[in-house]
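See structure below.
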Ligand code: ARG
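Residue numbers (this note's numbering): 667 to 1256.
So, in structure tokens, the structure goes:
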């Protein structure tokens, strides 16, 4: 379905052309001055130069041709040459009735779907999930949903860090603790045990301990490096141990991501790319792209237009070991082979920007990825505490995600208990749903590349630009709808028509709902969940103004009342569709 802006622009194009002006000046946009008009066209100002005429004359010419147009309530030329537009109530009602009967509210699915891989989550096996991984999961999940909803073929890959030094560290530490395990017995030839030799909590304790040791003890560090290399070269006992580390860790990760309402199509990791490395290195060599530098093998990626130094990309260390970049390049080889994607989007901390610049350049230069394939690094900023420094626990440690989530839920829980008389059990369940909205909306409503301050009090507030406020609006609508049904009305509002608005707040709500498809398109094009957040905040505000101005259930004219009910039902559906794209949902009460 054509958007309202498109429909208006088409009318203005006709008028501009009729008056002898170029169609390109006829663009209509939402008004910058909602106090004066709903929409505006500023083309007369730009046309003035080309036609050497006063802008107001051009605006007047155009406005004259629109006087009797049914679409508009009024169209005025205003000094110095603005064209101010208000839509007719009938036209808006007609349009909103049309989008209301469409499941996607007029938003059409991509005609040429693209294959898109989203690389997000990026948890490191055997290390606990911490808040640094939160943003990747939250933003990536939303972008994945937005692009899928747009009609693309989207594959979300968690891309675990499962192949690096942390594996060698864990193996080495385990060997010190339990040297009797068969994995450390060179002469052992039997099957390896099916049961892992550790639990997730033991594993989570082993890694930090090993990491600390490696910083103080050089020989420990060397042994860890050697173990990593041995693992990467396929040494069977270490492979068996590594599988256990992976198994135990992934089970726990799935639970944690599940709590965040985040799910992946693929559970691949750096290790999956490993088999592709030797051929890839060979290929780089044959193409003459690889050269030695201080013992390592590197690819130069500096370009003439660079204004700052872009160091060569190291693809192999002197001992033959693979690095982060090697694994990302080999992963691209694999992704190309398996999916031939049109676009790959990476969600990682923006401090990894240089890494991705290097990887993307090598990938394009070497033909691992075609020139047309888009490689996008969506680097996000840091989540800070109220002191403006990276978020920490009260005692200064790294905050675990589980604790962060339970802190938020607790804050919401006490708010619900303060205000209401619901059972404690219901309040607990509700606080989990609302807590997740607070957490996700708090993150997603910011532009991803910016740092943001994690402020539990603000995020969990039921008022202002927050997740709970949006949910509160939905819950309010749900309650009106169920009262309507309880008083004997049909719950199926599909056949009811929305009548032309009789008041300003009613019309504004309608106009907001009509914007849905434009917002969805922008969010998908710009990979920008924050556009959806801003939109639902506007919709919620408009609804609450309308609710304040209107006696919905007490309306005596049954047709009018039914129209209101239909309107708020659509409002609810639009909000629900949007929060689903953000990755959270609404409770029935709160
Ligand atoms: N595991 C990495 C980290 O914790 C993030 C992975 C991002 N994705 C990628 N393909 N490099 O920093």
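Think of the CB as a built atom: it goes at the ideal place given N, C-alpha and C, for glycine as much as any other residue. Remember, it's a predicted structure, so these values are computed and weren't measured experimentally.
Buried or exposed by the 16-neighbour rule on C-beta atoms within 10 Å, applied to residue i
i            : result
residue 1237 : buried
residue 845  : exposed
residue 1186 : buried
residue 1109 : buried
residue 1121 : exposed
residue 946  : buried
residue 936  : buried
residue 1213 : buried
residue 873  : buried
residue 957  : exposed
residue 982  : buried
residue 878  : exposed
residue 977  : exposed
residue 753  : buried
residue 1195 : buried
residue 768  : exposed
residue 1206 : buried
residue 1174 : buried
residue 790  : buried
residue 700  : exposed
residue 1188 : exposed
residue 1156 : exposed
Reference residue i, options the options, closest by Cα
i            : options                : result
residue 758  : 1197, 1207, 1172, 1214 : 1172
residue 911  : 1114, 829, 882         : 829
residue 880  : 994, 833, 916, 1197    : 833
residue 1020 : 1050, 923, 980, 997    : 980
residue 785  : 690, 1244, 1221, 994   : 994
residue 733  : 803, 749, 1043         : 749
residue 860  : 906, 791, 874, 1005    : 906
residue 903  : 866, 954, 882, 847     : 847
residue 943  : 987, 931, 901          : 987
residue 696  : 1181, 1054, 1101, 1223 : 1181
residue 1211 : 966, 1176, 691         : 1176
residue 816  : 800, 837, 849, 782     : 782
residue 1201 : 1081, 1001, 1248       : 1248
residue 999  : 940, 989, 969          : 940
residue 780  : 1005, 928, 930         : 1005
residue 1226 : 1166, 917, 989         : 1166
residue 725  : 932, 1128, 737, 693    : 693
residue 864  : 852, 959, 914          : 914
residue 961  : 953, 985, 1251         : 985
Residue i (DSSP reduced to helix, strand or coil)
i            : result
residue 1130 : coil
residue 1101 : helix
residue 1250 : coil
residue 845  : coil
residue 825  : coil
residue 711  : helix
residue 1049 : strand
residue 760  : helix
residue 1005 : helix
residue 935  : strand
residue 791  : coil
residue 702  : coil
residue 963  : strand
residue 1026 : helix
residue 862  : coil
residue 958  : strand
residue 1064 : coil
residue 719  : coil
residue 1088 : coil
residue 1055 : coil
residue 695  : strand
residue 814  : helix
residue 1032 : coil
residue 995  : helix
residue 770  : coil
residue 1106 : helix
Beta bridge counterpart(s) of residue i as assigned by DSSP
i            : result
residue 750  : 706, 742
residue 783  : 821, 1010
residue 1044 : 1013
residue 979  : 965
residue 944  : For residue 944, which the question treats as bridged, DSSP gives no partner whatsoever.
residue 1078 : DSSP, once it has assigned bridges, lists no residue as partnering residue 1078.
residue 796  : 1066
Proximity test, Cβ basis, 9 Å: residue i and chain D
i           : result
residue 972 : You won't find chain D in this structure, because it holds only one protein chain.
(message) Restricting to runs no shorter than 4 residues, where is the alpha helix (DSSP H) found entirely within the stretch 900-928?
(response) 902-925
(message) I'd like the ranges of any alpha helix (DSSP H) spanning at least 4 consecutive residues and lying wholly in the stretch 1118-1205.
(response) 1122-1125, 1133-1152, 1170-1180, 1182-1192
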